[in-house]
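In order, the protein sequences belong to chains A and B. The C-terminal position of the first sequence is numbered 441 in my numbering, with every residue numbered one higher than the one before it. The C-terminal position of the second sequence is numbered 410 in my numbering, with every residue numbered one higher than the one before it.
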Amino acid sequence: MISYYLDLAWRSCRRSKALTVLVIALMGCGVATCMVTYAVFRATSADPIPWKSSQLFVPQIDNFGPTNNNAGEPPDLLSYADGIALLHAHQAQRQTLLYAVKLAVVPGDRQRQPFSEPADAVTGDFFAMFDAPFRHGGGWSAADDDQGAAVVVINGTLNQQLFGGANSVGREISLDTHLYRIVGVLDDWQPRPRIFDHASAWDAFGKPVQIFIPFRRAIDLHEAPAGNVICGARKDDPEVPDWGSFLHGECTWIAAWAELPTHADAARYLGYLHNFAAEQQRIGRFDWPPNVRLRSLRRWMEVERVVPKASALSLIVALSFLAICLLNVVGLMLARFMRRAPEIGVRRALGASRGAICRQFLVEAAAIGLAGGALGLLLTAVGMAAIGLVFEPQIAALAHLDTSLVVSTVALAVATTLIAGLYPTWRAAQVQPAWQLKSNG
Amino acid sequence: MQIPPILAALRRHKMATVLIVLQIALTLAVVSNALFIVRTRVVHLSRPTGTDEAHIFVIRNGWIGSPAVQQVDARMRADLDALRRLSGVRDAFASEAYPLEGGWGLLARVKLQPEQRARPALAIVYFADQHALDTFGTRLVEGRNFRADEIASRGPYDKLAPATIIVTRDLANKLFPDDSALGRTVYLSDGPSAIVGIVDILQGPYAGSTTRTIDEDSILVPARLADPAGTVYIVRSQPGQLDTLMHAAPAALFAHDRLRTINPNGGVISLIQARAQGYATDRGVAIMMAAVCVLLLLATAGGVVGLSSFWVSQRRRQIGVRRALGATRKDILRHFQIENLLIVSAGVVLGSGLGVLANLALMRRYELPRLPPGLLLLGAVLLWLLGQLAVLGPARRAAAVPPAEATRSV
């Protein structure tokens, strides 16, 4: 029966070419616009670690107070004192402190110029916590953490650049005139967006971090934060003339993460944060009640507004565009189907049931939808090539056409056309055979 | 004139009419908001920085090995000497940020009294010396430039309390709306500073949309920021020398001191490139919105043509009857034109409401300003014109229906 319906659809398309072309073009444009913007949105709002993101939390402690904080929200980062206190309390299965540092790689060959790469100072749990994949070696030990050992984990790109991709574990590199022993090489780890150090480095879609050194090492070397430093403007703040008083002042610059596998763990950790802040109030460091937060990774992505505004905005516009195309197609399908009222009358008179008429027209709608999907696919491919015109290069590079996008493009087109065909089909099925036959003379 | 019969005819096609009205309403809502976004972005990205952008480039220089502040200061002086002596360089100075950079400037709270309770004005600091004004090419409108003896050397943890500062006219007007800011004292984070000069326009390093209100509020602080992490050299070239210098200048710096990093990609950037990069998103959004507007209007026009043709083909007999009863071709043409006008007008009324609602939602979520009514009107006029244009073809075909059609039954 389907082939008969398809044959009927084909005949009707041939009879009203302009209308068919219009419907297919509208569906193609609407679907393609949606898919291109969706590809960008998907790339920018993707969860970088979906299998574990519900267990990773960002603790926040308000050390600025109600007069200096941002509309009641605690700062995104922790002060050194708070970060270290959390780390030493061991209230989570794993904990990480990190901040972005500026380190220059000084090649041994004096002919080559030194260059800087994105670098983070992290505590040892970091690699296990974010499931960073090692190609060679591994992270550093707890002892290295405590002593601030001169060890380093480098990422794939830097390993390629310095050692041609060979196993460089055990070799030394010079970072800012200090020698570091390589203990691990990551397997080109590029989580996007770079949420783990976003609060500090503020570079969600920039180059992947290439250098990781122990947090304690960076503190011992007085490595100033290369990322955000936000200070509460308290009157009794000690002046910050040197590293020591900067370290122990109330400036916030450390990103913290806690791994809490269950809801109960998270609730307990939040309780601990609350008690910690209450204790700080009791000893007179805070003169305000505890104001703490514990946010999951996904929630943190929203708070940090990682998804570029342009991306969300264009998705909204594209969806409205598709909605308008949909309305348009409903109208055109109505015109198409009602024009064939006489044909429907004859078919009904010859014994076709309402259901059969419905099936016939839904098959026709689906066929047109498929054609629209094919066109949409073509336009999506063109749009993906032109994506660089609209979005910054590093974001445009993230979006790509893959199988799931191809399937969803065609599915969206067929689904939309079927939805658009529902009302016209219902109307077509309502045609009274007797009336049509009579008016046909 | 013919309106009641037109309405009567439309009542027989309720659903199709509702569809077109909805479509026009949605189109108006989206097009007016999209055009508005295009306009705000275009205004945003064409703002001047107040500098001689065509001749300025920037070197982002990192130091290796966390040298002491005194060392950094000595190396910066040596670098600046080398840069200024380079042939083709008009002037140069060191700062920690540059216009159109897109972030990382030092934000200062500017108070009028040391114990001010009210929320202080925010401004963005450029560290500068007596060469800064000439390097930027910005015009001093009041007061004087810094003197060489005022330029301090400042470590990264030193207090921010310069004895003298130069501010932009925009900031001066915000701080002292009633009289001249020249000679007045303001308080930055750590102490009093006297305003000795006012420059015309100098945009801060943030080009984002969230700092729009303070983008023109810059303060020049007479100091070299001897930051062990690194510094920014801003260089103004003689006309025609920019491209040569962008290679020669970093090479000259490396030649006399290797322990530095200037990233091969992006470490040396002209302000023209910085403008293109800083506003890439704004430009992209503007292009996309404009493209969507055009597509939308085309889609809507297509829909009107399709449905009108359908109506014409359905009403051939009625048209024939009217023609046989004495209606002229013009009457028939007029009928479809007025019908279209009525439908589009209904869509415009509904769409204006929707457009304002959409704008309110966007205002809340994306910090967009209020939609000016003029843009809605522009969208409405566009749609009226488009509707008339789209209906013209089908209406002419309707007018061509011969009166004899009334007598034919198939």
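Glycine included, each C-beta is placed from N, C-alpha and C at the ideal position.
Query raised in the report: residue 393 of chain B and residue 29 of chain B: beta carbons closer than 8 Å?
Result: Here residue 393 of chain B is taken as the residue at index 393 of the second sequence, counted from 1. Here residue 29 of chain B is taken as the residue at index 29 of the second sequence, counted from 1. Taking 8 Å as the Cβ cut-off, residue 393 of chain B and residue 29 of chain B do not qualify as a contacting pair.
Requested in this report: Note down the Cα distance separating residue 12 of chain A from residue 348 of chain A, rounded to an integer number of angstroms.
Outcome: For the purposes of this step, residue 12 of chain A is taken as residue 12 along the first sequence, with counting starting at 1. For the purposes of this step, residue 348 of chain A is taken as residue 348 along the first sequence, with counting starting at 1. When rounded, the separation of the alpha-carbon atoms in residue 12 of chain A and residue 348 of chain A is 17 Å.
Query raised in the report: Within 8 Å (strictly less), CB to CB, does residue 368 of chain A reach chain B?
Result: As a working mapping, residue 368 of chain A is identified with position 368 in the first sequence. Chain B, which has no Cβ nearer than 8 Å to the Cβ of residue 368 of chain A, makes this no.
Query raised in the report: Name the residues in the stretch 356-385 of chain B whose C-beta lies less than 7 Å from a C-beta of chain A; which are they?
Result: Going along the stretch 356-385 of chain B in chain order, one finds 366 with a Cβ nearer than 7 Å to chain A.
Requested in this report: State the Cα-Cα distance for the pair residue 278 of chain A and residue 292 of chain A, rounded to the nearest angstrom.
Outcome: Taking the first residue of the first sequence as position 1, residue 278 of chain A is located at position 278. Taking the first residue of the first sequence as position 1, residue 292 of chain A is located at position 292. Pairing residue 278 of chain A with residue 292 of chain A, the inter-Cα distance amounts to about 10 Å.
Report task. List the residues that DSSP assigns as beta-bridge partners of residue 260 of chain B. Result -> One-based indexing of the second sequence puts residue 260 of chain B at position 260. Residue 260 of chain B pairs with B:63.
Requested in this report: Mark residue 191 of chain B as exposed unless 16 or more other C-beta atoms lie within 10 angstroms of its C-beta, in which case mark it buried.
Outcome: If you number the second sequence from 1, residue 191 of chain B lands on position 191. So residue 191 of chain B ends up on the exposed side.
Query raised in the report: Does residue 113 of chain A have its Cβ less than 8 Å from a Cβ in chain B?
Result: On the first sequence, position 113 is the one that residue 113 of chain A refers to. It does; some Cβ of chain B falls within 8 Å.
Query raised in the report: So residue 258 of chain A and residue 57 of chain A are in contact, right, with Cβ under 8 Å, and what is the actual spacing, rounded?
Result: Locating residue 258 of chain A in the first sequence gives position 258, counting from the first residue. Locating residue 57 of chain A in the first sequence gives position 57, counting from the first residue. About 5 Å separates the beta carbon of residue 258 of chain A from that of residue 57 of chain A, a gap short enough to meet the 8 Å contact definition.
Requested in this report: Kindly identify the DSSP beta-bridge partner or partners of residue 269 of chain B.
Outcome: Locating residue 269 of chain B in the second sequence gives position 269, where the first residue counts as 1. DSSP output for residue 269 of chain B lists B:58 as bridge partner(s).
Query raised in the report: In the structure shown, what three-state DSSP assignment does residue 430 of chain B receive?
Result: Summary: the structure shown does not reach residue 430 of chain B, with chain B confined to residues 1 through 410, and so no result is reported for it.
Query raised in the report: Thinking C-beta only, is residue 120 of chain A closer than 8 Å to residue 105 of chain A?
Result: Residue 105 of chain A sits at position 105 when you count from the first residue of the first sequence. Residue 120 of chain A sits at position 120 when you count from the first residue of the first sequence. The answer is no: Cβ separation not under 8 Å.
**Report entry** the stretch 315-333 of chain A: positions lying closer than 7 Å to chain B by Cβ
**Finding:** Listed by position, the residues of the stretch 315-333 of chain A near chain B (Cβ gap below 7 Å) are 317, 320, 321, 323, 324, 325, 327, 328, 330, 331 and 332.
Query - For residue 118 of chain A: DSSP bridge partner residues - result: By 1-based counting over the first sequence, the position of residue 118 of chain A is 118. Paired residues: A:102.
Report task. Report all residues from its chain with a CB closer than 6 Å to the CB of residue 383 of chain A; omit the five preceding and five following residues, and keep chain order. Result -> For this step, residue 383 of chain A is matched to residue 383 along the first sequence. Within the same chain, 32 and 36 come within 6 Å of residue 383 of chain A by CB-CB distance, once the 5 residues on both sides are set aside.
Query raised in the report: Quick one: which chain A residues come within Cβ less than 8 Å of residue 30 of chain B?
Result: To locate residue 30 of chain B, count along the second sequence from 1; it is residue 30. For residue 30 of chain B, the neighbours in chain A by C-beta distance under 8 Å run, in chain order, 317, 320, 321 and 324.
Query raised in the report: The alpha helix (DSSP H) spanning residue 364 of chain A covers which residue range?
Result: In the first sequence, counting from the first residue as 1, residue 364 of chain A sits at position 364. Residues 354-385.
Query - Residues within the stretch 176-187 of chain A neighbouring chain B, beta-carbon criterion of under 9 Å - result: Answer in chain order: 176, 177 and 178.
Query raised in the report: Would you say residue 287 of chain B faces chain A, with C-beta separation under 8 Å as the test?
Result: Within the second sequence, the letter at position 287 stands for residue 287 of chain B. Yes, contact with chain A.
Requested in this report: Return the bridge partner residues of residue 70 of chain A from the DSSP annotation.
Outcome: Numbered from 1 along the first sequence, position 70 holds the residue referred to as residue 70 of chain A. Partner(s): A:73.
Query raised in the report: Relative to the C-alpha of residue 419 of chain A, which residue among A:409, A:404, A:172 and A:323 is closest?
Result: In the first sequence, the residue the question calls residue 419 of chain A occupies position 419. Nearest C-alpha to residue 419 of chain A among A:409, A:404, A:172 and A:323: A:323.
Requested in this report: Taking the CB atoms as reference points, tell me whether residue 379 of chain A and residue 254 of chain A lie closer together than 8 Å.
Outcome: Within the first sequence, numbered from 1, the residue matching residue 379 of chain A stands at position 379. Within the first sequence, numbered from 1, the residue matching residue 254 of chain A stands at position 254. A distance of 8 Å or more separates the beta carbons of residue 379 of chain A and residue 254 of chain A.
Report task. Quickly, what does DSSP pair residue 316 of chain A with across the bridge? List them, please. Result -> Mapped onto the first sequence, residue 316 of chain A falls at position 316. Partner(s): none; residue 316 of chain A has no beta bridge.
**Report entry** The alpha helix (DSSP H) enclosing residue 394 of chain B, as first and last residue numbers
**Finding:** Position 394 of the second sequence, counted from the first residue, corresponds to residue 394 of chain B. Here the alpha helix (DSSP H) through residue 394 of chain B covers 373-399.
**Report entry** Residues from the stretch 59-85 of chain B in contact with chain A, defined by Cβ distance under 9 Å
**Finding:** Those residues of the stretch 59-85 of chain B placed with their C-beta closer than 9 Å to a C-beta in chain A are 62, 63, 64, 65 and 66, ordered along the chain.
Report task. Taking only the alpha-carbon atoms, compute the straight-line gap between residue 65 of chain B and residue 375 of chain A and give it to the nearest angstrom. Result -> Along the second sequence, one-based indexing puts residue 65 of chain B at 65. Along the first sequence, one-based indexing puts residue 375 of chain A at 375. Between the C-alpha atoms of residue 65 of chain B and residue 375 of chain A there is a straight-line separation of about 58 Å.
Requested in this report: Measure the alpha-carbon distance for residue 196 of chain B versus residue 99 of chain B and round it to whole angstroms.
Outcome: Numbered from 1 along the second sequence, position 196 holds the residue referred to as residue 196 of chain B. Numbered from 1 along the second sequence, position 99 holds the residue referred to as residue 99 of chain B. Near 22 Å, if we compare the C-alpha coordinates of residue 99 of chain B and residue 196 of chain B.
Query raised in the report: The beta strand (DSSP E) with residue 57 of chain A in it runs from where to where?
Result: Locating residue 57 of chain A in the first sequence gives position 57, where the first residue counts as 1. For residue 57 of chain A, the enclosing beta strand (DSSP E) has its first and last residue at 56-61.
Query - Cross-strand partners of residue 192 of chain B (DSSP beta bridge) - result: Your numbering for residue 192 of chain B matches position 192 in the second sequence. Under DSSP, residue 192 of chain B forms a beta bridge with B:187.
Query raised in the report: What is the residue span of the beta strand (DSSP E) that residue 178 of chain A lies within?
Result: Within the first sequence, the letter at position 178 stands for residue 178 of chain A. Boundaries of the beta strand (DSSP E) harbouring residue 178 of chain A: 178-186, taken from the DSSP string.
Query raised in the report: Any idea if residue 116 of chain A is buried or exposed, counting beta-carbon neighbours within 10 angstroms, 16 or more meaning buried?
Result: Against the first sequence, residue 116 of chain A aligns to sequence position 116. That one is buried.
Query raised in the report: Alpha carbon to alpha carbon, how far is residue 313 of chain A from residue 306 of chain A?
Result: Reading the first sequence from its first residue, position 313 is the one you call residue 313 of chain A. Reading the first sequence from its first residue, position 306 is the one you call residue 306 of chain A. When rounded, the distance between both Cα atoms is 14 Å.
**Report entry** Candidates A:370, A:99 and A:7, of which the one nearest residue 483 of chain A by Cα
**Finding:** Outside the shown range of chain A (1 to 441) lies residue 483 of chain A, about which nothing can therefore be said.
Requested in this report: Quick one: using the 10 Å Cβ neighbour count with 16 as the cut-off for buried, is residue 37 of chain B buried or exposed?
Outcome: To locate residue 37 of chain B, count along the second sequence from 1; it is residue 37. It counts as buried.
Query raised in the report: Closer than 8 Å, CB to CB, is residue 272 of chain B near chain A or not?
Result: Residue 272 of chain B sits at position 272 when you count from the first residue of the second sequence. No, its Cβ sits nowhere closer than 8 Å to a Cβ of chain A.
Query raised in the report: Between which two residues does the alpha helix (DSSP H) carrying residue 416 of chain B extend?
Result: Outside the shown range of chain B, which is 1 to 410, sits residue 416 of chain B, and nothing can be said about it.
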